[in-house]
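Chemist: Counted from 1, the sequence shown has number 91 at position 90 by my numbering; the numbering is strictly sequential. Ideal Cβ positions, reconstructed from N, Cα and C, are used throughout, including at glycine. Shown below is the structure under consideration.
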Amino acid sequence: MDVSRRKATAAGKALRDCSPESQEYQNALAVMLQWREQHIVPTQESFRRLLKISKEFPGSVATYRLKRQPSILSKLKRHGNAFELGAIDDIGGCRLIVDDIRQLEDACQRMHDLFPNAKQPKNYIERPEASGYRSYHDVVQIQAGEGKNPLLYRVEIQIRTKLQHYWATTVEATGEIYSLDLKTPKPEESLSETEKRMRDFLRIASAAFAIEEGTSIPAGFEGVDRDTIAETIRSTPGFMTLLDDLEASSDTVFPVPWSEKVHAEGAGLYLLEFSRAEQILNMSVFSAGALDIAIRAYQNAENASKTNESTLFDNVVLVYAQNPDQLKLAYPNYSSNVQEFVMRVKDFIQ
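Next up, the structure:
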């Protein structure tokens, strides 16, 4: 029997409040995993529709994923946020990465045509987050389940430009290089000097990219012109060193173990399984019309990582790309995106 949204929310509270050694916690964990499992079909349907949009934009890439168990638990237990398991919008998620702002606006309109029951969007391009994060998010509702009253499941769809994606990927990469969590909002007083400097650098880089795209600038930079931002990046102690560190690390900490299979021609679906510890990539290639087969392969890979603790791969993503070279955008490694980020910042400050 399907888990109800109310039961999922009760389980989420138990996961926050109970000891991991308790039976109540273990029971709640089983409910959480079932709730996650119930998002598979709605997320697959969302991905199918998103592929129709992706095919209209030759340079775009679409990805499909389910939030992993540790990420769900982390979100439930995040300090200062009372997330309810039944209300988490991004257990299932799809992403579309397009060339520029004009394509993004067109893709958003197409998304609303294909998902008429989407919830209120979160437009972080018009209103960037305090961190500098910029992207377009919407939560679509897909009906699925057993019985007379199937549930409406929420699936998050993100649409980004490539420039926004380079920035977001670099936030994760910088966190890995310096062993810091730069994605989670934190009180200013709790940050070390190093973390403050990193966050300040990423915010100002976001402002630079917003100017490049002609969109709203993050809070704190209103009225600041291009030359002032460029000079701030050049002159602030530590910023240019951080840029050099990112450039050097993109080839050492994050090498690209690229497969021969990437040279397959034409549009297709790519299952990428990556071991960050071992820097090993396993790639399976499917024709663009073999979506059902590719999704089953994704599920098998996910199940293997859950049931076999010795499995190499800790990151699994299913990608649709019209050209294999575009795979680097969605590749669960940071090298190429960090290189692009560094190049774009250096171009901006010249």
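To the nearest angstrom, how far is it from the Cα of Met284 to the Cα of Thr44?
Modeler: What you label residue 284 is simply residue 283 of the sequence shown in a count that begins at 1. What you label residue 44 is simply residue 43 of the sequence shown in a count that begins at 1. The alpha-carbon atoms of Met284 and Thr44 are separated by roughly 22 angstroms.
Chemist: What number of angstroms, rounded off, separates the C-alpha of Gln35 from the C-alpha of Leu181?
Modeler: As a first step, residue 35 is located in the sequence shown; it is residue number 34 there, counting from the start. As a first step, residue 181 is located in the sequence shown; it is residue number 180 there, counting from the start. Each residue's Cα considered, the two are about 31 angstroms apart.
Chemist: So what's Gly13 in DSSP terms, helix, strand or just coil?
Modeler: Translated into positions along the sequence shown, residue 13 becomes position 12. Correct three-state label for Gly13: helix.
Chemist: Going by DSSP, which residues form a beta bridge with Gln35?
Modeler: For this step, residue 35 is matched to residue 34 along the sequence shown. Beta-bridge pairing links Gln35 to no other residue.
Chemist: How long is the line joining the alpha carbons of Glu173 and Leu282, rounded to whole angstroms?
Modeler: The residue given as residue 173 occupies position 172 in the sequence shown. The residue given as residue 282 occupies position 281 in the sequence shown. About 19 angstroms.
Chemist: Compare the Cα-Cα distances from Pro71 to each of Leu30, Asp100, Ser207, Arg297 and report the closest residue.
Modeler: Start at 1 with the first residue of the sequence shown, and residue 71 comes out as number 70. It is Leu30 whose Cα lies nearest to the Cα of Pro71.
Chemist: Please list the segments of the beta strand (DSSP E) lying wholly inside the stretch 87–150, counting only runs of 3 or more residues, in order along the chain.
Modeler: DSSP runs (the beta strand (DSSP E)) wholly in the stretch 87–150: 93–99, 137–145.
Chemist: Pick from Leu115, Trp168, Ala322, Val339: whose alpha carbon is nearest that of Pro129?
Modeler: Indexing the sequence shown from 1 puts residue 129 at position 128. When each option's Cα is compared against that of Pro129, the closest is Trp168.
Chemist: Check the DSSP bridge columns for Glu274 and list the partner residues they point to.
Modeler: By 1-based counting over the sequence shown, the position of residue 274 is 273. Answer is Asn283, Val317, bridged to Glu274.
Chemist: Do you know whose CA, among Asp101, Ser20, Ile41, lies nearest Asn301's CA?
Modeler: Counting from one through the sequence shown, the residue named residue 301 turns up at place 300. If we check each option's Cα against that of Asn301, Ile41 comes out closest.
Chemist: According to DSSP, what are the bridge partners of Arg345?
Modeler: By 1-based counting over the sequence shown, the position of residue 345 is 344. Partner(s): none; Arg345 has no beta bridge.
Chemist: With a Cβ-Cβ cutoff of 8 angstroms, do Val318 and Thr64 count as a contact?
Modeler: Position 317 of the sequence shown holds residue 318. Position 63 of the sequence shown holds residue 64. It is a contact, given that the beta carbons lie within the stated cut-off.
Chemist: Any idea if Ser207 is buried or exposed, counting beta-carbon neighbours within 10 angstroms, 16 or more meaning buried?
Modeler: On the sequence shown, residue 207 is found 206 positions in, with the first residue counted as 1. With 16 or more Cβ atoms within 10 Å of its Cβ, Ser207 is classed as buried.
Chemist: Whole angstroms are fine: how far does the CA of Leu74 sit from the CA of Leu164?
Modeler: Here residue 164 refers to the residue found at position 163 when the sequence shown is read from its first residue. Here residue 74 refers to the residue found at position 73 when the sequence shown is read from its first residue. Near 30 angstroms, if we compare the C-alpha coordinates of Leu74 and Leu164.
Chemist: Only counting the same chain, and skipping five residues up and downstream in sequence, which positions put a Cβ closer than 6 angstroms to that of Gln104?
Modeler: Translated into positions along the sequence shown, residue 104 becomes position 103. Hits under 6 angstroms: Phe58.
Chemist: Quick check: the Cα distance between Arg198 and Asn316, rounded to an integer number of angstroms?
Modeler: Translated into the one-based positions of the sequence shown, residue 198 becomes position 197. Translated into the one-based positions of the sequence shown, residue 316 becomes position 315. Rounded to whole angstroms, Arg198 to Asn316 spans 29 angstroms at the Cα level.
Chemist: Give me the residue from Leu203, Gly94, Val140, Glu157 with the minimum Cα distance to Leu244.
Modeler: Here the question's residue 244 lines up with position 243 in the sequence shown. Considering only alpha carbons, the answer is Leu203.
Chemist: Need the endpoints of the alpha helix (DSSP H) that Met171 sits in, please.
Modeler: Here residue 171 refers to the residue found at position 170 when the sequence shown is read from its first residue. What sits at residue 171 in the sequence shown is Thr, not Met. Here the alpha helix (DSSP H) through Thr171 covers 163–179.
Chemist: Enumerated in chain order, which unbroken segments of the alpha helix (DSSP H) with a length of 4 residues or greater are wholly contained in the stretch 191–240?
Modeler: Listed in chain order, the complete alpha helix (DSSP H) runs (minimum 4 residues) inside the stretch 191–240 are 194–214, 227–236.
Chemist: Distance check for Glu303 and Gln340, CA to CA, integer angstroms please.
Modeler: Counted from its first residue, the sequence shown places residue 340 at position 339. Counted from its first residue, the sequence shown places residue 303 at position 302. Computed Cα separation, rounded: 29 angstroms.
Chemist: Restricting to Cα atoms, I'd like to know which of Glu157, Ser288, Ala211, Ile89 is closest to Arg6.
Modeler: Position 5 of the sequence shown, counted from the first residue, corresponds to residue 6. When each option's Cα is compared against that of Arg6, the closest is Ile89.
Chemist: In the structure shown, what three-state DSSP assignment does Leu292 receive?
Modeler: As a working mapping, residue 292 is identified with position 291 in the sequence shown. DSSP places Leu292 in helix when its eight states are reduced to three.
Chemist: Taking the DSSP output, what are the residues bridged to Gly269?
Modeler: Position 268 of the sequence shown, counted from the first residue, corresponds to residue 269. The partner list for Gly269 (beta bridge, DSSP) reads Ser288, Ala322.
Chemist: Distance, Cα to Cα, Gly13 vs Glu46?
Modeler: Here residue 13 is taken as the residue at index 12 of the sequence shown, counted from 1. Here residue 46 is taken as the residue at index 45 of the sequence shown, counted from 1. C-alpha separation (whole angstroms): 26 angstroms.
Chemist: Grab the span of the beta strand (DSSP E) containing Arg69 for me, first residue to last.
Modeler: On the sequence shown, position 68 is the one that residue 69 refers to. Here Arg69 belongs to no beta strand (DSSP E), and DSSP marks it neither H nor E.
Chemist: Would you mind reading off the limits of the alpha helix (DSSP H) that contains Lys329?
Modeler: One-based indexing of the sequence shown puts residue 329 at position 328. Element bounds for Lys329: 328–331.
Chemist: Please work out which residues of its chain come closer than 6 angstroms, Cβ to Cβ, to Leu153, disregarding the five sequence neighbours upstream and downstream, and give them in chain order.
Modeler: Sequence index remark: in the sequence shown, residue 153 carries index 152 (1-based). Cβ within range, chain order: Gln142, Gln144.
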